Amino acid sequence: MTRNVLAALMCAALSMPLCGCGDAPAAQRDAVRPGNALSPAMIAEGRRVFRFDTFGDEQVWTDRLRMHEVVQTIDPLTALAVGLKVDADALPPGILASADLEDPATTVALLKLNAVVGVRATVDADNRITRLGITCALCHSTVDDSVLPGIGHRLDGWPNRDLDPGRIIALSPSLSASAKAIYNSWGPGKYDPRFNIDGLSTPLVLPPAYGLLGIRNETYTGDGPVSYWNAYVAVTQMGGHGNFRDDRLGIDIRQSPDLVTPKLPALRAYQLSLRTPAPPADSYDQAAARRGKAVFARNCMGCHVGGDGTDNNSGRLHAPAETGMDGAYATRSANNAYRTTPLRGLWQHPPYFHDGSAATLEDVVAHYDRVRGLHLSPAQRAELVEYLKTL
Ligand code: HEC
Ligand code: HEC
């Protein structure tokens with residue numbers, strides 16, 4: 001009975017026909033090219049969508065999961081403990097000094113200010129939350145902790161590795177005990193974007209949404225270009241009110257009006273504008289990193305090619321065994337293989353690999369040394385780690 005609780009809820013809510021037919025709509029294809037699409041106006045609109053647009057997903061988070069009732073009772077300290085972040089720039093000066101972070105009323109006040117990253121709420125005159133939905137920023141933004149841990153300026157595109165989406169969803173009163181057990185098993189920084197489709201659970205590490213300019217296919221399994229995946233997530237995971245179709249997966253969801261598809265080009269432009277954050281000064285040893293680059297060239301560039309660090313731009317994917325990966329997640333996706341992950345901002349987002357099986361860059365290197373029989377010396381391994389820190 002773990003199968004497909006959220007999907008069952010969504011399908012019941014949306015009466016979605018599940019069938020496969022025809023090509024992906026044009027907006028999901030890679031229609032927007034770098035150069036002609038990254039106009040400032042488009043990027044600004046995409047930023048608004050990324051941060052604040054729920055695509056009408058209140059139909060799931062409010063109507064089905066009843067999260068508005070749950071959030072009404074949660075104090076800010078508890079919310080921060082499950083990884084929710086507060087946008088300091090949305091707060092009037094001085095408000096935090098007098099705010100009671102143990103009072104759920106403060107959570108409602110923060111939501112009224114639109115200060116909780118990735119969560120949108122409508123609050124009535126009696127301070128009751130009547131509607132609640134989520135945005136892309138929930139999982140793909142964090143803050144710089146400049147005010148307090150969990151409170152600061154937004155960092156869009158940085159995966160929120162403190163966020164425990166499963167634990168949050170499991171608070172819903174609408175779920176069965178067995179579904180809650182699965183959601184609770186994922187842990188911080190992870191989410192399974194197919195659990196509600198196939199009922200299986202092999203959670204993925206939340207990836208960065210920065211550094212994607214020039215990357216041909218998104219996701220760990222290279223399922224399709226950025227707008228394909230954005231539409232998939234907005235409709236099938238967030239519960240947005242719109243269309244998504246993938247004949248490979250046998251999914252065809254249509255909801256009118258479509259609040260997703262028209263926003264995809266701007267959303268894409270914004271994501272492509274998000275640059276990889278540079279490593280902090282003095283966070284690596286420059287001389288060792290230079291030597292590590294040579295180790296990388298000999299042992300890693302067969303797959304992590306070019307400036308983008310992925311051979312997927314020429315269409316290649318890899319069987320799980322090639323890199324010693326657990327294949328369970330790949331078999332659930334369209335291509336049954338893994339994309340060579342573009343290497344960007346590695347210093348910023350441990351753990352590594354789709355399932356987070358390498359906690360540190362040292363673990364990454366030890367993994368490859370073992371599964372690909374590289375026989376690197378301890379010095380070479382250390383130099384390779386220093387190089388990876390520069391990417
Ligand atoms: C509940 C958390 C969650 C939300 C909300 C969410 N994502 Fe994701 N996102 C994920 C996970 C998990 C993956 C990894 C999926 C995979 O690779 O198969 C992912 C993958 C991605 C990727 C691929 C990155 C890469 O390296 O190829 C992009 C881009 C992205 N998401 C953008 C978005 C956008 C835009 C939205 C809003 C429409 C969104 N996400 C909403 C969890 C989330
Ligand atoms: C045979 C192709 C291949 C070779 C050779 C290869 N990689 Fe990879 N790399 C991949 C694939 C595929 C993934 C995605 C695996 C996954 O997430 O399960 C990956 C993922 C990674 C990641 C994780 C990135 C992230 O954001 O999670 C790092 C780091 C990495 N590789 C570094 C290296 C280093 C260092 C070497 C050389 C010692 C190397 N790779 C050699 C194909 C390769």
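Numbering-wise (the working numbering), the sequence shown opens with residue 1 and increments by one.
Backbone N, C-alpha and C define an ideal beta-carbon position, used for all residues, glycine too.
Predicted, not measured: the structure shown is a model, and the values here were computed from it.
Check your understanding: When you compare each of Leu-374, Ala-359, Gly-345, Val-365 to Leu-391 by their alpha carbons, which one comes out closest?
Key -> Gly-345
Check your understanding: If we cut at 7 Å on Cβ distances, does Asp-126 have a partner in chain C?
Key -> Of the protein chains in this structure there is only one, and it is not chain C.
Point to revise | Pick from Lys-85, Gly-94, Ala-97 that is closest to Cys-139, judged by C-alpha positions | key: Lys-85
Check your understanding: Over what stretch of residues does the alpha helix (DSSP H) that includes Ala-181 continue unbroken?
Key -> 177-185
Check your understanding: Taking DSSP as the reference, what is the three-state secondary structure of Ala-99?
Key -> coil
Exercise for review: From the DSSP output, in three-state form, read off Phe-353 for me.
Suggested key: coil
**Study point:** Simplified DSSP state of Gly-35, which is helix, strand or coil
**Key:** With a pLDDT of 49 at Gly-35, under the threshold of 50, the modelled position of that residue is not reliable, and the figure given next carries that caveat. Here Gly-35 sits in coil by DSSP.
Check your understanding: How far does the beta strand (DSSP E) with Leu-274 in it reach, from first residue to last?
Key -> Careful: Leu-274 lies outside any beta strand (DSSP E) and carries neither H nor E.
**Study point:** the stretch 192-199 in contact with the stretch 228-240 per 3-pair CB rule at 8 Å
**Key:** yes
Check your understanding: Leaving out the 5 sequence neighbours to the left and right, which residues in its chain are closer than 8 Å to Arg-33 when beta-carbon positions are compared?
Key -> Only weak support exists for where Arg-33 lies, its pLDDT of 47 falling under 50; the coordinates are left without a value.
Review point. Can you name, in chain order, every residue of its own chain whose Cβ lies under 8 Å from the Cβ of Pro-92, other than the five neighbours on each side?
Key: Leu-113
Review point. Per DSSP, what kind of secondary structure is Ala-288 in: helix, strand or coil?
Key: helix
Review point. Would the C-beta of Asn-299 count as close to ligand 3, meaning under 6 Å from any of its heavy atoms?
Key: Only ligand 1 and ligand 2 can be found as ligands here, which leaves ligand 3 out of the picture.
Point to revise | Extent of the continuous alpha helix (DSSP H) to which Arg-365 belongs | key: This sequence places Val at residue 365; Arg is not what is there. Looking at the DSSP string, the run of the alpha helix (DSSP H) that includes Val-365 is 361-371.
Check your understanding: What three-state label does DSSP hand Ala-294 in the structure shown?
Key -> helix
Check your understanding: Pro-207: beta carbon under 6 Å from a heavy atom of ligand 1?
Key -> yes
Check your understanding: Exposed or buried, Ser-176, counting other C-beta atoms within 10 Å across all chains shown (16 or more means buried)?
Key -> exposed
Check your understanding: Does the Cβ of Tyr-352 lie closer than 6 Å to at least one heavy atom of ligand 2?
Key -> yes
Practice item. For Gly-166, name the three-state secondary structure that DSSP assigns. Key: helix
Review point. From this set, Arg-316, Phe-296, His-354, which residue's C-alpha is nearest Leu-374's C-alpha?
Key: Phe-296
Point to revise | As assigned by DSSP and simplified to three states, the class of Thr-73 | key: coil
Check your understanding: If you measure from the CB of Tyr-338, is any heavy atom of ligand 2 nearer than 6 Å?
Key -> yes
Exercise for review: Could you tell me the distance, in whole angstroms, from the CA atom of Ala-79 to the CA atom of Ser-377?
Suggested key: 45 Å
Review point. How big is the Cα-Cα spacing for Ile-74 and Gly-187?
Key: 19 Å
Practice item. Run the proximity test for Cys-303: is its beta-carbon closer than 6 Å to any non-hydrogen atom belonging to ligand 1? Key: no
Review point. How about Asn-160 and Gly-83: do their beta carbons lie closer than 7 Å?
Key: yes
Review point. Given Gly-214, which residues of its chain have a CB within under 8 Å of its CB, disregarding the five upstream and five downstream residues?
Key: Pro-34, Gly-307, Asp-308, Asn-313
Check your understanding: Mapping DSSP to helix, strand and coil, what is Leu-148?
Key -> strand
Point to revise | 8 Å CB neighbourhood of Ala-334 in its chain, flanking five on each side removed | key: Thr-221, Asp-223, Gly-224, Asp-246, Arg-248, Leu-249
Exercise for review: Enumerate in chain order the residues of its own chain whose CB-to-CB distance from Arg-339 is below 8 Å, with the five nearest sequence positions on each side excluded.
Suggested key: Asn-217, Thr-219, Tyr-220, Thr-221, Gly-222, Thr-310, Asn-312, Leu-317, His-318
Review point. Could you give the C-beta distance for Ala-121 and Arg-131, rounded to a whole number, given that I count them as a contact under 8 Å?
Key: 7 Å
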